[in-house]
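Enquirer: The structure that follows is given in the form of structure tokens.
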Amino acid sequence: MIGTTSNHGIGSAHSRDHAGIFLMTDSLAVGGTERQFVTLAQALDRSRFEISLGCLQRQGSFTNGLDEIAEFNLGGGFLTRTAHNARRRLVHHLRARGTAVVQSFDFYSSLTLIPAARWARVPVIIGSHRHLGDLLTPLQFAAQNAAFWLCDRVVCNSQAAANRLIDQSLPESKLVVIPNGLPREAFAESVHAAPSAHGKFRVGFIARMNNPAKNHAGFLRAAARLVSTFPAVEFVLVGDGFLRPGLERLALRLGLAEKVQFVGERPDVSAELASLHISVSFSSSESLSNVVLESMAAGVPVVATRVGGTPEVLCDGETGLLVAPGNEEELAAAMERLLTQPSIRVEFTRRALNLVKSKFRIESVARQYEELYAELLAEKGWRPRHRVASVRAMNSANDTLRISIVAPSTRKLGGQEVQADLLMRHWQGDPAVTPRFIPTDPLLPAWLRWVERIPYLRTVVRMPFYLAGLWRGTRDADIVHIFSASYWSFVLAPLPAWLTARLQGKKALINYRSGEARDHLRRWPSASQILRRVDRVVVPSGYLVDVFKEFGVRAQAVSNVVDLDQFHYRQRHPLRPRLLCPRGFHPYYSVDRVVRAFAQVQIHLPEAQLCLLGDGALKNQITQLVADLGLSGVEFTGVVSRKMIGRCYDRNDIFINASWLDNMPVSILEAFASGMPVVTTAPEGIRYLVEHQRTGLLCDPGDWQSLAENVARLLRDSDLASRLARNAFEESQRYRWQAVRAQWLEVYRSMCPQPEARQIELAACEELAAASMENA
Numbered sequence: 083m084i085g086t087t088s089n090h091g092i093g094s095a096h097s098r099d100h101a102g103i104f105l106m107t108d109s110l111a112v113g114g115t116e117r118q119f120v121t122l123a124q125a126l127d128r129s130r131f132e133i134s135l136g137c138l139q140r141q142g143s144f145t146n147g148l149d150e151i152a153e154f155n156l157g158g159g160f161l162t163r164t165a166h167n168a169r170r171r172l173v174h175h176l177r178a179r180g181t182a183v184v185q186s187f188d189f190y191s192s193l194t195l196i197p198a199a200r201w202a203r204v205p206v207i208i209g210s211h212r213h214l215g216d217l218l219t220p221l222q223f224a225a226q227n228a229a230f231w232l233c234d235r236v237v238c239n240s241q242a243a244a245n246r247l248i249d250q251s252l253p254e255s256k257l258v259v260i261p262n263g264l265p266r267e268a269f270a271e272s273v274h275a276a277p278s279a280h281g282k283f284r285v286g287f288i289a290r291m292n293n294p295a296k297n298h299a300g301f302l303r304a305a306a307r308l309v310s311t312f313p314a315v316e317f318v319l320v321g322d323g324f325l326r327p328g329l330e331r332l333a334l335r336l337g338l339a340e341k342v343q344f345v346g347e348r349p350d351v352s353a354e355l356a357s358l359h360i361s362v363s364f365s366s367s368e369s370l371s372n373v374v375l376e377s378m379a380a381g382v383p384v385v386a387t388r389v390g391g392t393p394e395v396l397c398d399g400e401t402g403l404l405v406a407p408g409n410e411e412e413l414a415a416a417m418e419r420l421l422t423q424p425s426i427r428v429e430f431t432r433r434a435l436n437l438v439k440s441k442f443r444i445e446s447v448a449r450q451y452e453e454l455y456a457e458l459l460a461e462k463g464w465r466p467r468h469r470v471a472s473v474r475a476m477n478s479a480n481d482t483l484r485i486s487i488v489a490p491s492t493r494k495l496g497g498q499e500v501q502a503d504l505l506m507r508h509w510q511g512d513p514a515v516t517p518r519f520i521p522t523d524p525l526l527p528a529w530l531r532w533v534e535r536i537p538y539l540r541t542v543v544r545m546p547f548y549l550a551g552l553w554r555g556t557r558d559a560d561i562v563h564i565f566s567a568s569y570w571s572f573v574l575a576p577l578p579a580w581l582t583a584r585l586q587g588k589k590a591l592i593n594y595r596s597g598e599a600r601d602h603l604r605r606w607p608s609a610s611q612i613l614r615r616v617d618r619v620v621v622p623s624g625y626l627v628d629v630f631k632e633f634g635v636r637a638q639a640v641s642n643v644v645d646l647d648q649f650h651y652r653q654r655h656p657l658r659p660r661l662l663c664p665r666g667f668h669p670y671y672s673v674d675r676v677v678r679a680f681a682q683v684q685i686h687l688p689e690a691q692l693c694l695l696g697d698g699a700l701k702n703q704i705t706q707l708v709a710d711l712g713l714s715g716v717e718f719t720g721v722v723s724r725k726m727i728g729r730c731y732d733r734n735d736i737f738i739n740a741s742w743l744d745n746m747p748v749s750i751l752e753a754f755a756s757g758m759p760v761v762t763t764a765p766e767g768i769r770y771l772v773e774h775q776r777t778g779l780l781c782d783p784g785d786w787q788s789l790a791e792n793v794a795r796l797l798r799d800s801d802l803a804s805r806l807a808r809n810a811f812e813e814s815q816r817y818r819w820q821a822v823r824a825q826w827l828e829v830y831r832s833m834c835p836q837p838e839a840r841q842i843e844l845a846a847c848e849e850l851a852a853a854s855m856e857n858a
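Each residue of the sequence shown is one higher than the one before, counting from 83 in our numbering.
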């Protein structure tokens with residue numbers, strides 16, 4: 083229940099210190115979009131945002147879960163006087179509440195809310211595309227796309243839905259894929275809606291009966307093929323709509339009167355699922371089916387059509403069975419296979435449950451929406467009223483730690499840049515920390531930008547700007563968090579930051595992240611002397627802890643963060659010879675060894691492909707090597723933005739790496755999160771991350787023949803590839819923000835100890851914050 087007075091409820095007016103979020107849908111009828119609308123509204127964090135709701139028609143059973151939702155009825159058309167007045171009221175409503183973010187959820191609400199929000203000058207406007215678009219008329223699809231051009235972002239619930247918009251020339255930069263989310267009750271045990279008699283099997287089809295694309299008729303015809311072979315099977319159709327009378331007549335004609343139950347609309351879908359042995363979705367158009375996800379969460383094996391986003395969550399032969407749209411014979415064969423092979427049903431449900439628990443819990447999905455809202459508000463420079471005064475008051479009371487993060491900006495993407503950016507984005511809005519970013523490579527004034535193209539000179543010219551930014555940015559900090567690499571980079575960026583912190587009387591930690599640490603400290607003894615004097619040294623791996631110990635430097639390990647929301651876990655079955663190497667063209671990454679290993683693979687598999695992601699000094703040499711070896715199917719993608727990198731992982735099947743020097747490459751963690759089996763050389767640092775034959779396959783640095791053999795081994799042994807990918811995905815959960823956040827807070831607070839009474843209060847606040855952020 084969403085209330086209007088409780089701490090977690092939706093209030094009647096927005097707090098001056100919270101961003102107002104307005105969510106709008108067409109109606110509250112029983113359906114997938116409506117269920118997602120209500121589930122998300124109930125899951126969003128009220129300690130960060132003020133949530134209010136709107137609809138075009140306040141009707142449907144989901145209204146029972148909402149205490150307050152504003153109605154803006156168009157009166158049956160967009161051009162009527164009623165519709166015009168409704169839009170004016172909507173504009174006034176948004177302005178009066180100081181709304182900062184609006185989000186539409188379906189077709190009619192998009193065409194109504196998006197222009198109204200522009201009129202009301204709402205800072206952030208988000209649309210939603212939760213279907214493939216093929217059920218809209220060409221005019222409707224064009225009108226929707228026109229509205230989406232006015233949005234800051236459009237959320238798609240599957241990559242398939244996003245691809246349809248890209249095909250219609252909507253910029254990819256506008257699109258964000260966030261899947262549907264399942265509430266906790268979807269995973270709970272439910273009382274069976276209709277207990278099955280001993281020896282009976284119940285096959286269910288859950289869908290509203292108002293859309294021919296759901297193909298209830300095809301399901302009934304497939305069911306008719308089975309009744310003579312399986313006299314103990316029962317077919318259950320859950321849902322209602324204007325198609326129901328015709329479907330009931332079809333069941334009679336097919337001789338299914340005694341075998342089919344039309345149970346009508348049911349508010350408690352979980353109870354119906356609990357009574358089923360098989361769940362079927364036979365739709366000809368689907369973006370991301372709620373019924374498929376709910377069936378997987380309820381432990382019911384699924385047969386579904388290979389359409390839209392369904393293959394993104396249901397891997398054929400791994401978590402369920404996929405059939406061609408409209409192929410009734412194939413559907414009947416798939417149902418027969420599940421009916422006759424109980425061991426397969428058990429295995430499918432186990433794998434499916436693990437998948438939906440890890441990727442589709444509403445807590446995780448809500449967090450993705452919250453981060454999207456916060457990111458867009460930051461882009462627009464939105465600030466709540468009285469925010470400055472409230473932050474100062476909080477800081478004076480030591481409610482938050484003020485952390486100045488000194489690191490390279492994301493203008494040049496690398497390990498440090500990505501980790502610093504993730505740290506900043508995750509701390510934004512967190513009650514425990516107020517972050518401030520100080521770039522080691524500040525953007526020069528426009529009249530000096532030409533210097534950026536000249537190495538060495540740009541370093542000299544940037545230095546006074548960097549030092550000035552350091553002095554300003556550390557003045558009010560409790561802790562200066564300094565990202566560090568090795569050699570001259572250590573001297574030019576971390577050293578001035580540490581000296582500035584000392585002059586300001588601030589605590590400082592150096593977050594050292596280079597795999598070249600041993601060589602650096604051996605060649606530059608002064609570096610280890612400095613590191614011994616720093617308040618804290620933090621590294622991302624146990625490998626670097628051991629390296630620093632050799633030089634008498636005490637270091638503490640805090641894991642890298644993997645932005646798992648960018649990476650879609652996909653079971654690769656069958657595994658294809660599509661290799662990805664997302665390492666830059668630098669000597670210590672040995673991309674030439676990857677190319678030679680790929681050449682060996684392509685001798686036996688001419689269709690094999692290799693995607694080389696990134697750039698670097700050796701790119702021309704690698705390009706020439708590919709030409710000299712006469713290789714085909716090698717793609718040089720160049721540098722890919724962080725928002726798009728997940729797609730590169732998703733379209734390839736095997737991760738390959740040949741580095742001879744490494745620490746804790748985030749790219750391997752991203753492969754873990756994406757479900758890609760990993761084949762890599764094993765410089766000392768990687769052995770701390772990848773366990774041979776449990777989370778990946780290892781070989782000695784430089785041994786490209788073994789790399790090729792390990793790739794071939796995976797392609798021959800699908801069970802091994804699946805096992806490695808599942809184990810690696812479980813390992814990736816250690817690098818979620820929730821786990822890493824706790825590690826950083828422990829470091830920060832140990833550097834700034836609080837009085838005992840204050841510690842008790844902070845612990846209570848931390849429990850509340852953790853509860854609001856918790857996911858699987």
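All C-beta atoms, glycine included, are put in the ideal place defined by N, C-alpha and C. Note that the coordinates shown come from a computational prediction; the quantities given were computed from them, not determined experimentally.
Look at the Cβ atom of Pro261, then the Cβ atom of Leu232, and state whether they are nearer than 8 Å.
Expert: Your numbering for residue 261 matches position 179 in the sequence shown. Your numbering for residue 232 matches position 150 in the sequence shown. No, these two residues do not count as a Cβ contact at 8 Å.
Enquirer: Which first and last residues belong to the beta strand (DSSP E) in which Glu717 is found?
Expert: Here the question's residue 717 lines up with position 635 in the sequence shown. Taken as a continuous stretch (DSSP letters only), the beta strand (DSSP E) holding Glu717 covers Val716 to Gly720.
Enquirer: Using the beta-carbon count (16 or more within 10 Å), is Leu375 buried or exposed?
Expert: Reading the sequence shown from its first residue, position 293 is the one you call residue 375. It counts as buried.
Enquirer: According to DSSP, is Phe223 part of a helix, a strand, or is it coil?
Expert: As a first step, residue 223 is located in the sequence shown; it is residue number 141 there, counting from the start. If DSSP states are grouped into helix, strand and coil, Phe223 belongs with the helices.
Enquirer: Just curious, the alpha helix (DSSP H) that Asn809 is in, first and last residue?
Expert: Within the sequence shown, residue 809 is the residue found at index 727, counting from 1. Run containing Asn809: Ser800 to Ser814, per the alpha helix (DSSP H) assignment.
Enquirer: Is the Cβ-Cβ distance between Phe442 and Leu257 less than 8 Å?
Expert: Position 360 of the sequence shown holds residue 442. Position 175 of the sequence shown holds residue 257. No, Cβ-Cβ distance for Phe442 and Leu257 is not below 8 Å.
Enquirer: Would you mind stating whether Val318 and Leu308 have Cβ atoms separated by less than 8 Å?
Expert: Here residue 318 corresponds to residue number 236 of the sequence shown, with the count starting at 1. Here residue 308 corresponds to residue number 226 of the sequence shown, with the count starting at 1. No. Outside cutoff.
Enquirer: Could you check whether the region 432 to 450 touches the region 376 to 384, counting it as contact only if at least three pairs of C-beta atoms, one from each stretch, sit closer than 8 Å?
Expert: In short, these stretches touch, since the Cβ pair count reaches three.
Enquirer: Could you have a look at Lys296 and say whether DSSP puts it in helix, strand or coil?
Expert: The residue given as residue 296 occupies position 214 in the sequence shown. It is helical.
Enquirer: If you draw a straight line from the C-alpha of Arg540 to the C-alpha of Ser568, how long is it?
Expert: What you label residue 540 is simply residue 458 of the sequence shown in a count that begins at 1. What you label residue 568 is simply residue 486 of the sequence shown in a count that begins at 1. Each residue's Cα considered, the two are about 19 Å apart.
Enquirer: Have a look at the DSSP bridge pairing and note the partners of Leu692.
Expert: Here residue 692 corresponds to residue number 610 of the sequence shown, with the count starting at 1. The partner list for Leu692 (beta bridge, DSSP) reads Leu661 and Val716.
Enquirer: Is the CB-CB distance between Ser365 and Thr401 below 8 Å?
Expert: Counting from one through the sequence shown, the residue named residue 365 turns up at place 283. Counting from one through the sequence shown, the residue named residue 401 turns up at place 319. Going by C-beta atoms, Ser365 is not nearer than 8 Å to Thr401.
Enquirer: Taking Ala229 as the reference, give the member of Val389, Asp732 and His211 with the closest Cα.
Expert: On the sequence shown, position 147 is the one that residue 229 refers to. Nearest C-alpha to Ala229: His211.
Enquirer: Candidates Phe754, Arg665 and Ala753: which alpha carbon is nearest Gly496's?
Expert: Against the sequence shown, residue 496 aligns to sequence position 414. Taking only the C-alpha atoms, the option nearest Gly496 is Arg665.
Enquirer: Grab me the residues of Lys282's own chain with a C-beta within less than 7 Å of its C-beta, minus the 5 sequence neighbours each way, in chain order.
Expert: Sequence index remark: in the sequence shown, residue 282 carries index 200 (1-based). Within the same chain, Lys282 has close Cβ partners Ala314 and Glu316.
Enquirer: Quick check on this structure: which residue in Glu828, Gln498, Trp819 and Ser357 has the alpha carbon closest to the alpha carbon of Gln450?
Expert: Within the sequence shown, numbered from 1, the residue matching residue 450 stands at position 368. Here the closest residue by C-alpha is Trp819.
Enquirer: Nearest to Arg171 by CA position, among Trp201, Arg331, Ala590 and Val183, is which residue?
Expert: The sequence position of residue 171 within the sequence shown is 89, counting from 1. For the residues Trp201, Arg331, Ala590 and Val183, the minimum Cα distance to Arg171 belongs to Trp201.
Enquirer: Just tell me which of Ile736, Ser363 and Gln139 has its CA closest to the CA of Arg290.
Expert: Along the sequence shown, read from residue 1 onward, the residue named residue 290 stands at position 208. Among Ile736, Ser363 and Gln139, the Cα nearest to that of Arg290 is on Ser363.
Enquirer: Between Ala479 and the rest of its own chain, which residues show a CB-CB distance below 8 Å, the 5 nearest in sequence each way excluded?
Expert: Reading the sequence shown from its first residue, position 397 is the one you call residue 479. Summary for Ala479: the model assigns pLDDT 40, below 50, so the residue's position carries little reliability; its value from the coordinates is reported in the next sentence. Contacts found: none.
Enquirer: Please name the residue, chosen from Pro513, Asp216 and Leu302, that lies closest to Gly390 on a Cα-to-Cα basis.
Expert: Counted from its first residue, the sequence shown places residue 390 at position 308. The shortest Cα separation from Gly390 among Pro513, Asp216 and Leu302 belongs to Asp216.
Enquirer: Just how far apart, CA to CA, sit Gly597 and Leu396?
Expert: The sequence position of residue 597 within the sequence shown is 515, counting from 1. The sequence position of residue 396 within the sequence shown is 314, counting from 1. Those two C-alpha atoms are separated by around 39 Å.
Enquirer: Going by beta-carbon coordinates alone, are Ser357 and Arg284 separated by less than 8 Å?
Expert: Reading the sequence shown from its first residue, position 275 is the one you call residue 357. Reading the sequence shown from its first residue, position 202 is the one you call residue 284. The answer is yes: Cβ separation under 8 Å.
Enquirer: Counting pairs of Cβ atoms below 8 Å between the region 625 to 645 and the region 685 to 705, do you hit three or more?
Expert: Contact fails: fewer than three Cβ-Cβ distances are below 8 Å.
Enquirer: Can you list, in chain order, the residues of its chain whose CB lies under 6 Å from that of His96, leaving out five sequence neighbours each side?
Expert: Position 14 of the sequence shown holds residue 96. For His96, the pLDDT reaches just 44, beneath the cut-off of 50, and the residue's location in the model is therefore unreliable, although a value from the coordinates is still provided. Here the set comprises Gly102, Glu132, Arg179 and Gly180.
Enquirer: Alpha carbon to alpha carbon, what distance is there between Arg618 and Leu591?
Expert: Position 509 of the sequence shown, counted from the start, is the residue given in the question as residue 591. Position 536 of the sequence shown, counted from the start, is the residue given in the question as residue 618. Going from the Cα of Leu591 to the Cα of Arg618 covers about 5 Å.
Enquirer: So, using beta-carbon positions, are Thr522 and Thr556 closer together than 8 Å?
Expert: Counting from 1 along the sequence shown, the entry for residue 522 is found at position 440. Counting from 1 along the sequence shown, the entry for residue 556 is found at position 474. Not closer than 8 Å, so no.
Enquirer: Return yes when the Cβ of Phe344 is within less than 8 Å of the Cβ of Arg326, no when it is not.
Expert: Along the sequence shown, one-based indexing puts residue 326 at 244. Along the sequence shown, one-based indexing puts residue 344 at 262. A contact, by the Cβ cut-off of 8 Å.
Enquirer: When you compare only the Cα positions, how much space is there between Leu796 and Gly784?
Expert: Here residue 796 is taken as the residue at index 714 of the sequence shown, counted from 1. Here residue 784 is taken as the residue at index 702 of the sequence shown, counted from 1. So the alpha carbons of these two residues sit roughly 20 Å apart.
Enquirer: I'd like the list of long-range same chain contacts for Phe572, defined as Cβ closer than 8 Å, with 5 residues on each side in sequence excluded.
Expert: By 1-based counting over the sequence shown, the position of residue 572 is 490. Around Phe572: Ser566, His602, Trp606 and Ala609.
Enquirer: Relative to the C-alpha of Pro490, which residue among Arg678, Gly696 and Ile520 is closest?
Expert: Taking the first residue of the sequence shown as position 1, residue 490 is located at position 408. It is Ile520.
Enquirer: Could you tell me which whole beta strand (DSSP E) segments of length 3 or greater appear in the region 518 to 599?
Expert: If we require 3 residues or more, the beta strand (DSSP E) runs fully inside the region 518 to 599 come out as 561 to 566 and 589 to 594.
Enquirer: What are the start and end residues of the alpha helix (DSSP H) that includes Gln682?
Expert: Along the sequence shown, read from residue 1 onward, the residue named residue 682 stands at position 600. Taken as a continuous stretch (DSSP letters only), the alpha helix (DSSP H) holding Gln682 covers Val673 to His686.
Enquirer: Which residue marks the beginning of the beta strand (DSSP E) containing Leu132, and which one marks its end?
Expert: Counting from 1 along the sequence shown, the entry for residue 132 is found at position 50. The sequence given here has Glu at residue 132, not Leu. Taken as a continuous stretch (DSSP letters only), the beta strand (DSSP E) holding Glu132 covers Phe131 to Cys137.
Enquirer: Which stretch, first to last residue, makes up the beta strand (DSSP E) that contains Gln118?
Expert: Here residue 118 refers to the residue found at position 36 of the sequence shown. It is not in any beta strand (DSSP E) - Gln118 instead sits in the alpha helix (DSSP H) that spans Gly114 to Ala125.
Enquirer: Ignore the nearest five residues each way along the sequence and tell me which others in Leu214's own chain have a CB closer than 7 Å to its CB.
Expert: Taking the sequence shown and counting its residues from 1, the one referred to as residue 214 is at position 132. Hits under 7 Å: Ala242, Ala243, Arg246, Ser367, Ser369 and Gly390.
Enquirer: Buried or exposed: Lys494, going by 16 or more other Cβ atoms within 10 Å of its Cβ?
Expert: Residue 494 sits at position 412 when you count from the first residue of the sequence shown. Lys494 should be labelled exposed.
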